[in-house]
Amino acid sequence: MTISGPAALLTSGSSREVAYSWWPANLTRTLIYVILLTIVIVEAFPLAWMIITSVKDSHEIFNTVLPSQIKWENYPRVWHALDFPVHLGNSLYVTGLTVGLILVLATPAAYAFARYRFPGREVVFYAFIGAMMIPPQAILIPMFQFLKSLHLLNSLTGLSLSYVGGGTAFAVFLMRAFFLSLPRELGDSARIDGCNDFQVFRHIYLPLARPGIATVVIIQSLHTWNEFMFSNTLITSPDKKTVQSAVFQAVGQYSTDYTALCTGLIIALIPVVLVYIALQRQFISGLTAGALKG
Amino acid sequence: MATQSASLSLRLRPHLAPILFIAPAGVALLLLMAVPIADAVLLSLQNWNGMGPPTWAGLGNYTKLLSDETFFRALGHTAYFTFCTVILQTILPLLAASLLNSGIRGSSVFRTLYFMPVVISLAISGLLWAMLFEPNFGPINNFLRAIGLRAYTPLWLAGQNSVMPSVIIVSVWQSFGFYLVIFFAALQNVPRELYEAAELDGANAWSRFLNVTVPTIWPVTLIVIVLNTINGIKVFDQIWVMTAGGPNYASATLATYLYSIAFGAMGASNSRLGYATAIAIVILMLSVVVSLIQIRLGRRRNLDSELEL
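Same order as they appear, the protein sequences are chains R and W.
Numbering of the first sequence is given in our numbering, commencing with residue 478 and proceeding in unit increments.
Numbering of the second sequence is given in our numbering, commencing with residue -12 and proceeding in unit increments.
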């Protein structure tokens, strides 16, 4: 048995496996913490640097590690200079409309795929699965032309519509699995009590589907809020830009004014980070479940 | 004719509810996905500058791709990015997840911290890293100079050879926590008895990792590989905000190349929409092939029952 102590890092930390005379038992544990903390530093450094830079005086940016005094003034300055209230409002509108549309469209469809048998079900369902495989680049140019012909180019509603196709397919797929996990008997007994199809869906299954809906809301909100390519292409006038493309534009405006840029990025991040902190658990499980099922 | 449609409606009557439930989503999918895709295929067979009437090109755009050196460079960069991110974004999160799963305290704190960059948009992390990478006064090169490595300060995003590795670093930083959480969940489901049995057989930690952990979580590993591959094929946001595919196409991927042809860095004057769409179709084909592989794998796993129709 030729074993090197550090290899014990890779499996369960039971005390037995590190019982080599030359390798102190608690060194393994210490080493694990050192590695994990190093990763924390690597992952957190860009964010920490961004926060520190955002409160520096602009002539200190490149000379000092820490600011001599904290300048919160950058925040109101950038908040107004970049018209953040407008862009946050735009992003909120697009995200709300997109998620709302997707839920309204996808929830009944997912329910029907899970609960009914009808001719052509397989074919239609595979069409939905097929839509999930479409990379956004493939529909960007046709979508541009399509919205242009509807006079919905440079419109936040048009931007939302461009997200609805792919989002609906994904939501149907996720929620169908959720509806399948709910007991069939509930609907059957409600039907005996005289509920029609719509009432069974509306009053029995929809309330039970809330965890599934929550997963879709989290995934889709984050995805829509963070989307860049469509929002940067389909919206042209500055006052209609979403947060993502507004901060991208700001790079040209501020170039090396890193204080302002960092402040802008932080303001752009705050909504997502606040929601993440409030709903960590749901975020982590929702996003990973979405990946594993999708 | 009338009787035919009458009998059709009679046959559909019992299925009215599901049809009504699915119709809105079906129409949305048709208008916002199927029609654009058909449009894209059609457009890829035409020459069009977006203004005048398009002219038929047949397979002309595709044959032009075959002699377009920049297209092949973009294809190569996409493959390079995909290959490196598949390797790094599978192995690093898996190893770190194993450490987290070794019974240490505070693993949920670590997971929360690692996951942080995942919720940040690709565009914003690209903009942030563009500042970090700034060669003359950016913090990374400042740090390297401060610890006496002045000779080893790369140009990062500004260098022909360093730009792709830099872009890959950003990707690994961003998605590390995401894949780590997936692996961590998978590791928690590995039965403890398997490790104990292996230990009794005298397997050391490394061989237990290779012979117990890796095979048991192989299905999840495959999913991670597929997800990374699909994301690699489509990579756009970070690269576009950091370099727009530059310098001199040194970080052009399929997506950034098609974007610069269609919309230009600053709104192109003579956009070649048909040609750009042909590249989009190439991305589409590649993603569909990988997605089909994914479905195959999912089938074999546990979606068997879930997908039974």
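We treat Cβ as the ideally placed atom computed from N, Cα and C, and that holds for glycine.
Values in this document were obtained by computation on a predicted structure and should not be read as measured data.
Exercise. From the DSSP output, which residues share a beta bridge with residue 614 (chain R)?
Worked result: Residue numbering aside, residue 614 (chain R) sits at position 137 when the first sequence is read from its first letter. Paired residue(s): none; residue 614 (chain R) is not in a bridge.
For this session: Report yes or no: is there a C-beta of chain W within less than 8 Å of the C-beta of residue 742 (chain R)?
Result: Indexing the first sequence from 1 puts residue 742 (chain R) at position 265. It does: the Cβ of residue 742 (chain R) has a partner Cβ on chain W nearer than 8 Å.
Problem set entry | When W:233, W:98, W:282, W:143 are compared against residue 516 (chain R), the one with the closest alpha-carbon | Here the question's residue 516 (chain R) lines up with position 39 in the first sequence. Of the listed residues, the one whose Cα sits closest to residue 516 (chain R) is W:98.
For this session: Taking the CB atoms as reference points, tell me whether residue 157 (chain W) and residue 193 (chain W) lie closer together than 8 Å.
Result: Stepping through the second sequence from its first residue, residue 157 (chain W) is reached at position 170. Stepping through the second sequence from its first residue, residue 193 (chain W) is reached at position 206. The answer is no: Cβ separation not under 8 Å.
Problem set entry | Best match in W:222, W:2, W:33, W:113 for proximity to residue 72 (chain W) [C-alpha to C-alpha] | In the second sequence, counting from the first residue as 1, residue 72 (chain W) sits at position 85. If we check each option's Cα against that of residue 72 (chain W), W:222 comes out closest.
For this session: Examine chain R for any beta-carbon lying closer than 8 Å to the beta-carbon of residue 0 (chain W), and answer yes or no.
Result: Counting from 1 along the second sequence, the entry for residue 0 (chain W) is found at position 13. Taking Cβ atoms only, chain R never reaches closer than 8 Å to residue 0 (chain W), which makes this a no.
Exercise. Going by other Cβ atoms of all chains shown within 10 Å of its Cβ, with 16 needed for buried, is residue 125 (chain W) buried or exposed?
Worked result: In the second sequence, residue 125 (chain W) corresponds to position 138, counting from 1. So residue 125 (chain W) ends up on the buried side.
For this session: For residue 610 (chain R), return the contacting residues in chain W, with the cut-off set at a CB-CB distance below 7 Å.
Result: The residue labelled residue 610 (chain R) in the question sits at position 133 within the first sequence. By Cβ distance, chain W contributes 274, 275, 278.
Exercise. What first and last residue would you give for the alpha helix (DSSP H) that runs through residue 90 (chain W)?
Worked result: Translated into the one-based positions of the second sequence, residue 90 (chain W) becomes position 103. Where residue 90 (chain W) is concerned, there is no enclosing alpha helix (DSSP H), given that its DSSP letter is neither H nor E.
Exercise. Can you name the residues that DSSP bridges to residue 43 (chain W)?
Worked result: Counted from its first residue, the second sequence places residue 43 (chain W) at position 56. Looking at the DSSP assignment, residue 43 (chain W) forms a beta bridge with W:33.
For this session: Counting only runs of 4+ residues fully inside the region 590 to 638 of chain R, write out the alpha helix (DSSP H) ranges in chain order.
Result: 598 to 609, 613 to 626
For this session: Please decide whether residue 98 (chain W) counts as near chain R, where near means a Cβ-Cβ distance under 8 Å.
Result: For the purposes of this step, residue 98 (chain W) is identified with residue 111 of the second sequence, where counting begins at 1. With 8 Å as the cut-off, residue 98 (chain W) counts as an interface residue toward chain R.
Exercise. Between the region 738 to 745 of chain R and the region 655 to 667 of chain R, do at least 3 Cβ pairs fall closer than 8 Å?
Worked result: no
Problem set entry | Environment of residue 118 (chain W) [buried if 16+ CB atoms lie within 10 Å] | Within the second sequence, the letter at position 131 stands for residue 118 (chain W). Buried: at least 16 other Cβ atoms inside 10 Å.
Problem set entry | Alpha-carbon spacing of residue 180 (chain W) relative to residue 531 (chain R), whole angstroms | On the second sequence, residue 180 (chain W) is found 193 positions in, with the first residue counted as 1. On the first sequence, residue 531 (chain R) is found 54 positions in, with the first residue counted as 1. Cα-Cα distance, rounded: 51 Å.
Exercise. Hey, how far is the Cα of residue 189 (chain W) from the Cα of residue 518 (chain R)?
Worked result: If you number the second sequence from 1, residue 189 (chain W) lands on position 202. If you number the first sequence from 1, residue 518 (chain R) lands on position 41. For residue 189 (chain W) and residue 518 (chain R), the distance between alpha carbons rounds to 36 Å.
Exercise. Assuming residue 245 (chain W) contacts residue 62 (chain W) under a Cβ cut-off of 8 Å, what Cβ separation, rounded to an integer in Å, is found between them?
Worked result: Translated into the one-based positions of the second sequence, residue 245 (chain W) becomes position 258. Translated into the one-based positions of the second sequence, residue 62 (chain W) becomes position 75. Not really, about 11 Å apart at Cβ, beyond 8 Å.
Exercise. Looking at the structure shown, is residue 146 (chain W) part of a helix, part of a strand, or coil, going by DSSP?
Worked result: Taking the first residue of the second sequence as 1, we reach residue 146 (chain W) at position 159. In this structure, residue 146 (chain W) counts as coil in the three-state DSSP scheme.
Problem set entry | Whole-angstrom distance between residue 668 (chain R) and residue 2 (chain W), CA atom to CA atom | In the second sequence, the residue the question calls residue 2 (chain W) occupies position 15. In the first sequence, the residue the question calls residue 668 (chain R) occupies position 191. Roughly 16 Å separates the two Cα atoms.
Exercise. Is the beta carbon of residue 692 (chain R) sitting closer than 8 Å to the one on residue 755 (chain R)?
Worked result: One-based indexing of the first sequence puts residue 692 (chain R) at position 215. One-based indexing of the first sequence puts residue 755 (chain R) at position 278. Not closer than 8 Å, so no.
Problem set entry | Distance between beta carbons of residue 154 (chain W) and residue 238 (chain W), contact taken as under 8 Å | Along the second sequence, read from residue 1 onward, the residue named residue 238 (chain W) stands at position 251. Along the second sequence, read from residue 1 onward, the residue named residue 154 (chain W) stands at position 167. Right, the Cβ-Cβ distance comes to about 6 Å (below 8 Å), so this counts as a contact.
For this session: Would you mind reading off the limits of the alpha helix (DSSP H) that contains residue 729 (chain R)?
Result: If you number the first sequence from 1, residue 729 (chain R) lands on position 252. Element bounds for residue 729 (chain R): 720 to 731.
Exercise. Terminal residues of the continuous alpha helix (DSSP H) containing residue 554 (chain R)?
Worked result: The residue given as residue 554 (chain R) occupies position 77 in the first sequence. 551 to 558 is the extent of the alpha helix (DSSP H) around residue 554 (chain R).
Exercise. Leaving out the 5 sequence neighbours to the left and right, which residues in its chain are closer than 8 Å to residue 620 (chain R) when beta-carbon positions are compared?
Worked result: As a first step, residue 620 (chain R) is located in the first sequence; it is residue number 143 there, counting from the start. Cβ neighbours of residue 620 (chain R) beyond the five flanking positions: 639, 707, 711.
Exercise. So which of W:218, W:46, W:281, W:144 has the shortest CA-CA distance to residue 206 (chain W)?
Worked result: Stepping through the second sequence from its first residue, residue 206 (chain W) is reached at position 219. Considering only alpha carbons, the answer is W:281.
For this session: For residue 67 (chain W), I'd like the list of residues in its chain whose CB is within less than 8 Å of its CB, leaving aside the five on either flank, ordered along the chain.
Result: Start at 1 with the first residue of the second sequence, and residue 67 (chain W) comes out as number 80. For residue 67 (chain W), where only same-chain residues beyond five positions count, the Cβ hits under 8 Å are 151.
For this session: List the whole-angstrom C-beta distance separating residue 164 (chain W) from residue 102 (chain W), where the pair is believed to meet the contact cut-off of C-beta under 8 Å.
Result: Your numbering for residue 164 (chain W) matches position 177 in the second sequence. Your numbering for residue 102 (chain W) matches position 115 in the second sequence. Right, their Cβ atoms sit about 4 Å apart.
Problem set entry | Straight-line Cα distance separating residue 137 (chain W) from residue 758 (chain R) | Looking up residue 758 (chain R) in the first sequence gives position 281. Looking up residue 137 (chain W) in the second sequence gives position 150. Between residue 758 (chain R) and residue 137 (chain W), the C-alpha separation is close to 43 Å.
Problem set entry | For residue 243 (chain W) and residue 232 (chain W), believed in contact at Cβ under 8 Å, the rounded distance | Here residue 232 (chain W) is taken as the residue at index 245 of the second sequence, counted from 1. Here residue 243 (chain W) is taken as the residue at index 256 of the second sequence, counted from 1. With 8 Å as the limit, residue 232 (chain W) and residue 243 (chain W) qualify as a contact, their Cβ atoms being about 4 Å apart.
Problem set entry | Coarse secondary structure for residue 762 (chain R), derived from DSSP in three states | Walking along the first sequence from the start, residue 762 (chain R) turns up at place 285. DSSP places residue 762 (chain R) in helix when its eight states are reduced to three.
Exercise. Does any residue of chain W bring its CB to less than 8 Å from the CB of residue 652 (chain R)?
Worked result: Walking along the first sequence from the start, residue 652 (chain R) turns up at place 175. No, no contact with chain W.
Exercise. Is it buried or exposed for residue 254 (chain W), if we count other Cβ within 10 angstroms and need 16 for buried?
Worked result: Here the question's residue 254 (chain W) lines up with position 267 in the second sequence. Only weak support is given to the placement of residue 254 (chain W): the predicted model assigns it a pLDDT of 48, under 50, and the value that follows is read from those uncertain coordinates. Exposed, by the Cβ-count rule.
Exercise. Under the three-state reduction of DSSP, which class applies to residue 274 (chain W): helix, strand or coil?
Worked result: As a first step, residue 274 (chain W) must be located in the second sequence, where it is residue number 287. In the structure shown, residue 274 (chain W) sits in a helix (DSSP, three-state: H, G or I).
For this session: Return the CA-CA distance between residue 721 (chain R) and residue 671 (chain R), expressed in angstroms with no decimal places.
Result: In the first sequence, counting from the first residue as 1, residue 721 (chain R) sits at position 244. In the first sequence, counting from the first residue as 1, residue 671 (chain R) sits at position 194. Rounded to the nearest angstrom, the two C-alpha atoms are 50 Å apart.
Problem set entry | alpha helix (DSSP H) runs contained entirely in the region 650 to 722 of chain R, provided each spans 4 or more residues | 661 to 669, 687 to 703, 706 to 711
Problem set entry | Cutoff 7 Å; reference residue 567 (chain R); Cβ partners in own chain excluding five residues on either side | Working through the first sequence from its first residue, we reach residue 567 (chain R) at position 90. If we look at residue 567 (chain R) and ignore the five residues flanking it on each side, its Cβ neighbours are 633, 717, 718, 719.
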